[in-house]
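Colleague: This structure is in structure tokens; I'll ask about it shortly.
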Amino acid sequence: MANQKSEAALIKKVGDIANVMAAAGVGYTDYITQLTYILFLKMDNEKEELGLGSSIPNGCKWKDLCDLSGTDLIDKYEEILDELSKDEGLIGTIFTRASNKIDRPVMLAKVIEMVADEDWYMMEGDLKGAIYESILEKNGQDKKSGAGQYFTPRALIQAIVEVVDPKIGETVADPACGTGGFLLAAYEHMKGQSKDVEKQKFLKNHALFGADNTALVVTLASMNLYLHDIGVNKSPIAYQDSLIDTSDKMYNVILANPPFGTRPQGSVEVAANRPEFVRTSDNQVNFLQHIMSIVKTGGRAGVVLPDSVLTDTGATEKVREKLLKDFNLHTILRLPTGIFYANGVKTNILFFEKGKPTKDIWVYDYRTGVKHTLVTKPLKRVDLQEFVDCYCSGHEQDRKPTYTVANPNGRWRCFSEKEIQDMNNLDFKWINLDENDERTLLEITENIQAEAEGISDAVMLIKTAMLNNSSIQGERFNSIKILQDKLMADCELFKSKLIDAGIQGKLTIQLPDDGIANTLCEEKIPDKDKPFDIPKNWRWIRLGWAMEIERGGSPRPIKAYMTEEENGINWIKIGDVEKEGKYIYSTKEKIKPEGEKKSRKVYPGDFLLTNSMSFGRPYISKIEGCIHDGWLLLRNSKNVFDLDYLYWLLSSKYAYRQFVQKASGATVDNLNKDKVSSAIIPLPPLAEQRRIADRIEELLQVL
């Protein structure tokens with residue numbers, strides 16, 4: 012909570028400074044650069060006072076400004092900017108093309124005074140991230156794409172870095188680095204992997220490289236890395252146009268969100284410098300070709316690219332063919348709109364490895380039915396937890412699809428080499444969340460019977476043909492595969508409708524001896540909020556009244572807490588549950604005991620509910636363990652539920668539809684404690700709950 016308060020206070024401070032600059036006639040882009048220069052001088056001074064040293068020459072430091080006023084202040088500020096922009100090292104990169112945009116001394120003095128009021132460098136929380144994200148968000152609202160660049164959400168960067176998993180000792184590059192988000196995340200990911208002094212030196216001084224062709228973001232990226240003591244003597248950020256770079260430098264890992272759209276007029280012709288490229292004016296295709304050329308054999312990449320790269324013909328198709336031939340494009344993450352500052356841009360993350368051709372492609376659809384906005388529903392790291400779990404970084408051979416015939420809306424699906432070859436592009440779509448089947452339970456059972464009989468008839472046809480050595484040409488029959496697919500889909504629909512019937516009191520007879528459901532709940536649910544009629548001795552309640560609900564938590568960085576020791580605590584992940592399973596019996600991983608305080612402990616009998624993407628999946632824990640923030644803990648603290656009834660209730664379409672609605676109306680988003688607590692659910696008497704659960708399980712065991 013302290014971090015959140017610090018960031019909120021910091022963002023307000025930045026906003027106050029912005030108002031001062033606006034009053035001085037300083038535009039927003041200029042505001043970002045001036046704020047960066049002034050904050051940098053102040054934070055460098057704080058570092059020096061902490062005994063961490065300074066790379067700024069005497070006469071150009073924060074203290075050289077503090078006692079000045081009037082034109083002397085302006086003159087000195089401009090002198091400092093000019094002097095630092097000439098530096099050939101990292102300082103010169105930070106102050107790339109630096110110039111003063113605050114020509115009124117009183118305004119400059121006011122900004123310096125406001126900055127001086129805070130100890131910025133040591134402020135709790137990710138100061139740099141808070142500053143950059145707040146000012147870039149405001150700038151993005153004014154100039155959505157700037158110089159063809161997109162601000163990448165921190166949550167997305169973290170997920171990409173986690174699955175690509177750069178190792179200390181490897182080199183990491185971002186040829187369109189913006190403010191350095193990918194590079195900094197890669198650094199944070201790698202620095203805890205080894206305490207070896209030489210490896211740490213390599214990480215700070217040689218492992219990272221970034222480039223951008225806009226002075227503003229080069230300044231921000233350089234400052235970002237500098238304040239993390241990265242590249243103290245030489246800038247890891249280059250002020251250059253990557254697409255005309257002809258150096259032969261190659262890297263182990265590429266992480267990038269390059270600019271999209273057509274290359275700006277007046278830019279140097281790419282083909283003149285890169286004759287080996289397929290000729291095109293599309294930035295994204297040229298950047299993809301550049302990335303393909305600078306990643307080492309055996310190296311890997313995670314790159315944000317628009318849909319057009321997967322679908323366009325002509326030059327784009329030729330590049331796509333080369334990608335599939337020379338690289339293993341093993342994974343695609345489809346992203347929703349609303350997470351970037353360029354509205355309406357449909358994007359994907361392409362994960363590929365150099366050296367082997369593509370065979371299967373795994374696709375995670377986090378687009379269909381998913382909506383985010385920049386302000387009210389921004390993308391959060393927990394939203395991508397299921398994707399990270401499904402990716403199985405480091406043990407990709409263990410991947411298991413969530414898509415099946417029985418679960419056609421599963422978001423994680425593998426497309427075979429043949430399926431890929433049969434497609435004209437790589438635009439993978441399969442989820443349909445709008446289907447609504449109105450058949451009754453009896454009608455569904457009749458369809459299941461017909462499909463089963465059709466399979467039996469087809470098998471008999473094959474048997475007869477084999478016994479009599481006869482042909483089946485001209486015979487009327489349905490494919491067993493088609494019938495099987497229909498049968499499985501109808502069985503899944505039967506299960507769903509059976510559960511809904513159970514929680515509406517339509518599967519069991521109400522008995523007088525059952526009494527009335529728990530009446531201690533004081534809140535009265537308004538009639539308008541009750542979705543269907545229930546038996547008279549049932550009650551409507553909010554789930555939070557009956558259950559203790561808490562969100563999981565993850566010790567950070569999680570890899571530092573992993574252990575194989577016997578005293579380790581079970582670390583429960585989505586991958587630990589069996590598909591269509593009800594219970595959690597064991598885990599593949601454990602965390603150290605000290606990680607328990609930073610997580611959430613669960614016990615046998617506790618419910619776990621997935622809270623992001625394919626959310627709302629309930630499981631009953633049979634073990635003690637800890638859960639990350641991709642889970643919600645539901646504890647039957649008042650003992651008003653039979654656990655089996657509660658499991659089926661939470662598995663129902665009714666519960667799922669309600670969760671979707673509460674997550675902002677017909678969209679798939681992440682759940683939280685308050686959303687789940689406010690869910691309205693039917694509560695039968697305890698004895699009837701047991702009969703409902705028994706009846707559901709009795710009928711489903713036949714399926």
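Just so we're aligned, residue 12 is where the sequence shown starts under the working numbering, counting upward by one. Ideal Cβ placement from N, Cα and C applies to all residues, glycine included. Computed from a prediction, not measured in an experiment: that's the story for all the values here.
#1: Do you know how far the Cα of Glu-607 is from the Cα of Gly-564?
#2: Find out if the Cβ-Cβ distance for the pair Ile-248, Leu-238 is shorter than 8 Å.
#3: Since I believe Lys-212 is in contact with Gly-242 (beta carbons under 8 Å), could you give me their beta-carbon distance rounded to a whole number of angstroms?
#4: Just to confirm my understanding: we take Leu-52, look at its own chain, exclude 5 residues before and 5 after, and list those with CB closer than 6 Å. What are they?
#5: When burial is assigned at 16 or more other CB atoms within 10 Å of the CB, is Glu-446 buried or exposed?
#6: Runs of 3 residues minimum, wholly inside the region 650-712: which ones carry the beta strand (DSSP E) assignment?
#7: Spatial neighbours of Lys-684 within its chain, please: CB distance less than 6 Å, with the 5 preceding and 5 following residues excluded, ordered by chain position.
#8: Does the distance from the C-beta atom of Ile-179 to that of Lys-210 stay below 8 Å?
#9: Rounded to whole angstroms, what's the CA-CA distance from Tyr-614 to Tyr-630? Just pull it up for me.
#10: Examine the ligand ADP and report whether any of its heavy atoms sits within less than 7 Å of the Cβ of Phe-298.
#11: Tell me which same chain residues have a C-beta within less than 7 Å of the C-beta of Ala-20, skipping the five on either side of it?
#12: Give the range of the alpha helix (DSSP H) segment to which Thr-302 is assigned.
#13: Looking only at C-alpha atoms, which of Ala-35, Ile-585, Glu-600 sits nearest to Lys-593?
#14: Going by DSSP, name the residue or residues bridged to Gly-313.
#15: In the DSSP assignment, the alpha helix (DSSP H) including Lys-212 goes from what residue to what residue?
#16: Give me, in chain order, the residues of the same chain whose beta-carbon lies closer than 8 Å to that of Tyr-658; leave out the 5 immediate sequence neighbours on both sides.
#17: To the nearest angstrom, how far is the alpha carbon of Lys-497 from that of Ala-463?
#18: By DSSP, does His-200 sit in helix, in strand, or in coil?
#19: Rounded to the nearest angstrom, what separates Met-434 and Thr-358 at their Cα positions?
#20: Is Leu-63 helix, strand or coil when you go by DSSP?
#21: Which of the three DSSP states, helix, strand or coil, is assigned to Ala-29?
#22: How far does the alpha helix (DSSP H) with Ile-514 in it reach, from first residue to last?
#23: Does Lys-601 pass the burial test, meaning 16 or more other C-beta atoms within 10 Å, or should it be called exposed?
#24: In this structure, what does DSSP give as the bridge partners for Ile-595?
#25: Hey, Ala-197 and Ser-253: beta-carbon distance below 8 Å or not?
#26: Please list the terminal residues of the continuous beta strand (DSSP E) segment that includes Arg-424.
#27: The beta strand (DSSP E) that contains Ile-545, what's its start and end?
#28: Is it the case that the Cβ atoms of Thr-348 and Val-356 are separated by a distance below 8 Å?
#29: Which of the three DSSP states is assigned to Lys-23 in this structure?
#30: Which of the three DSSP states, helix, strand or coil, is assigned to Arg-588?
#31: Nearest-angstrom Cα distance between Asp-293 and Glu-287?
#32: Quick check on this structure: which residue in Ala-218, Gln-515, Trp-131 has the alpha carbon closest to the alpha carbon of Trp-551?
#33: Could you name the residues of the same chain whose beta carbon sits closer than 6 Å to that of Phe-298, not counting the 5 residues immediately before and after it, in chain order?
#34: What three-state label does DSSP hand Met-261 in the structure shown?
#35: Between the Cα of Leu-50 and those of Tyr-656, Ala-127, Asp-653, Ile-473, spot the shortest distance and give me the residue it belongs to.
#36: Just the Cα atoms here: how many angstroms apart are Lys-429 and Ala-282?
Modeller: Let's see:
#1: 9 Å
#2: no
#3: Wrong, their Cβ atoms sit about 11 Å apart, outside the cutoff.
#4: Trp-73
#5: Any reading at Glu-446 needs caution, since the residue's pLDDT is 44, under 50, leaving its predicted position unreliable; the model's value is listed next. Classification of Glu-446: exposed, given that the 10 Å Cβ count is below 16.
#6: 691-694
#7: Ile-560, Arg-562
#8: yes
#9: 12 Å
#10: The model on display carries no ligand, and the ligand ADP is accordingly not part of it.
#11: none
#12: As written in the sequence, residue 302 is Ile, which differs from the Thr given in the question. That run of the alpha helix (DSSP H) goes 294-305.
#13: Ile-585
#14: Leu-266, Phe-362
#15: 208-216
#16: Lys-593, Phe-618, Pro-629, Ile-631, Ala-704
#17: 10 Å
#18: helix
#19: 19 Å
#20: coil
#21: helix
#22: 491-514
#23: buried
#24: Ser-632
#25: no
#26: 423-426
#27: Unbroken run through Ile-545: none, as it is neither H nor E.
#28: yes
#29: helix
#30: The residue you asked about is not Arg; residue 588 is Val in the sequence shown. Here Val-588 sits in coil by DSSP.
#31: 16 Å
#32: Gln-515
#33: Pro-269
#34: coil
#35: Ala-127
#36: 34 Å
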